[in-house]
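Heads up, the sequence shown is in the numbering used here, so the first residue is 37 and it goes up one at a time.
C-beta atoms are modelled at their ideal positions from N, C-alpha and C, and glycine is treated no differently.
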Amino acid sequence: MHSTGKKKILLFGGSFNPPHSGHAALLRAALKKLRPDLALLLPAYHSPLKAEPETAPQTRLELLRIFLKSCFTARERAILRIDCAELKSGRKVYTWQTLRRLSKEYPGAAIYLLIGSDCLAEFNRWKRPGEVARRAVLTVGRRPGAELPSKTPYRFIKLPGTFPEAASSQLQLEMLLTGKIPGQVPPQVARAIRAKGLYGLALHERLRSLLDSYRYRHSLAVGKLAAALAVRHGAPPLDAAKAGLLHDCAKALPVPKKTAYARLRLSASDLKLLQKHAPCLLHAAAGAELARREFGASNPLLLQAIHRHALGAVDMTLLDKIIFLSDMASEDRHFPETASLRELAFANLDTAMLAASTVKLRTLLESGRWIAPQGLELWNALIDKSRCC
């Protein structure tokens, strides 16, 4: 327990994954406005309203320390502290729980909770928002274009000005899709990210070593479209982007290695059929295994989407459909139906799936090529669904 009297304590929580210029601007403005005696940064193990971060807690803590050291003056740092209790908990910790703990540690202190206007807009989704608002004064920074509510049951202080649109989740997605670090990431933090190959940078380096320039550019295009379709249809954008980037990762493997990987994911009968009639299609199953082994992909839905992107299946998930369609309709494709398929995919995935399957079957029939049983089963299932809906 700390003796505080009426000290002001500012709290700033989040995943900080990664910390960025928006965090710096918001925190600096709050320090100037409130002049607290102590400012605690509270990195979360797992923010309650977000997906569990892939970046290890210790790595995020290291980035946060670099962020504080490189973005704030010695005078500012004199009152800045990192509180690791949530990070070390190994679980979700809700703000009301943290406030109860800190109220005991700092009895009598005036506590201010720093949030962005996006958090204020969804404050009622928080656990025990009433208790949070009683224990801390909400201190809100407005993002460009956002309007703060004129009436709210919760007291809050508005920080002057507006603050950058930067969001950690969007920066993660941009780095994963491009392999480049956006300017909103402070230089010293960016240097650490680059050195560790975080947020997809190592993925791009490995992918470029496996694929020629044409196939790598195609993978970038598929990842970009997959992420956009995920946002449109409510799938996790990071999973969609990663599956899109990795869908062809086994394309250029030597045939023996490709076959060995595919054997681990195909039935003996399916493997035999593909080896005989369409060995080029082995890359899909092999890619799922390669993604697991060499790229650290562990999400079974992501791996399944890679596996199914070439042949499809009758029971395709949302992510399966997104990757199947993104492969066919990415902007680097130039067959006549590409643009219309892309437009359909944003409007209705099932309609787009039927159109894409039609294109595939027609192309195979016109060229006199073998049609995989999975392709026919998918076509029949889509036709049945279109007739009953």
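Relative to the C-alpha of D363, which residue among T353, L377 and V350 is closest? L377
| query | Exposed or buried, which one is G197 when buried takes at least 16 other CB atoms within 10 Å? | reply | exposed
> Of the residues R299, L212 and G144, which one's Cα is nearest the Cα of S255?
Replying inline: L212
message: Considering only DSSP beta bridges, list what F48 is partnered with.
response: L77
Exercise. May I ask you to report which of helix, strand or coil DSSP gives L302?
Key: coil
| task | Using three-state DSSP, classify T198 as helix, strand or coil. | result | strand
* To do: Assign T109 to one of three DSSP states: helix, strand, or coil.
  => coil
- Could you give the distance in angstroms between the alpha-carbon of T40 and the alpha-carbon of H343? Any reading at T40 must be qualified, since the residue scores a pLDDT of 46, below 50, and its modelled position is unreliable; no value is offered.
Relative to the C-alpha of E88, which candidate in R161, P165, G126 and C424 has its C-alpha closest? G126
Going by the beta-carbon positions, is the gap between L135 and P79 smaller than 8 Å? no
Residues near H313 in its chain [Cβ-Cβ closer than 6 Å; skip 5 each side]: W406
query: Between L46 and A121, what straight-line distance do the alpha-carbon atoms span, to the nearest angstrom?
result: 16 Å
| message | Please state whether the Cβ-Cβ distance between G215 and G236 is less than 8 Å. | response | yes
Just tell me which of P272, L209, H283 and E112 has its CA closest to the CA of L339. H283
Next on the checklist: Our contact map puts I358 next to A228 with C-beta atoms below 8 Å; I'd like the distance itself, whole angstroms only.
Outcome noted: I358 to A228, Cβ: 32 Å. No contact.
* Can you tell me whether V258 is buried or exposed, with buried defined as 16 or more other CB within 10 angstroms of its CB? -> buried
Check: Straight-line CA distance for A145 to P54?
Finding: 30 Å
Exercise. Say whether the stretch 317-336 touches the stretch 284-294, bearing in mind that this needs 3 or more beta-carbon pairs closer than 8 Å, one atom from each stretch.
Key: yes
Going residue by residue through the stretch 150-210, where are the continuous beta strand (DSSP E) segments of at least 3 residues, counting only ones entirely within it? 173-178 and 192-198
Between the beta-carbon of L100 and the beta-carbon of F52, is there less than 8 Å? yes
Check: Can you list the alpha helix (DSSP H) stretches of 4 or more residues lying completely in the stretch 301-335, in chain order?
Finding: 304-313 and 318-330
Candidates K140, L412 and G49: which alpha carbon is nearest L174's?
G49
Identify whether I147 lies in helix, strand or coil by the three-state DSSP scheme. strand
How far does the beta strand (DSSP E) with R405 in it extend, from its first residue to its last? Per DSSP, R405 belongs to no beta strand (DSSP E) and is neither H nor E.
Just tell me which of L418, L355 and K42 has its CA closest to the CA of D73.
K42
Requested in this report: Report the rounded CA-to-CA distance for T353 versus K68, giving the unit in angstroms.
Outcome: 49 Å
*7 Å Cβ shell around S422 - same chain, five flanking residues per side excluded*: L390
*Enumerate in chain order the residues of its own chain whose CB-to-CB distance from V350 is below 7 Å, with the five nearest sequence positions on each side excluded.*
E413, L414 and A417
### Query
Taking DSSP as the reference, what is the three-state secondary structure of L337?
helix
field: Whole-angstrom C-beta distance between A276 and A262, which should lie under 8 Å
entry: 4 Å
*asked:* For L116, list the residues DSSP reports as bridge partners.
replied: A75
Own chain partners of Y130 with C-beta closer than 8 Å, once the 5 adjacent residues on each side are dropped | P84, W162, K163 and R164
Next item on the list: Identify, in the order they occur along the chain, each residue of the same chain with its Cβ nearer than 7 Å to the Cβ of W132, setting aside the five sequence neighbours on each side.
Entry: K163, R164, E167 and V168
Is the Cβ-Cβ distance between A298 and L281 less than 8 Å?
no
- Can you tell me whether DSSP reads A417 as helix, strand or coil? helix
Exercise for the section: Pull up the distance between the alpha-carbon of D386 and that of E141, whole angstroms please. Expected result: 55 Å
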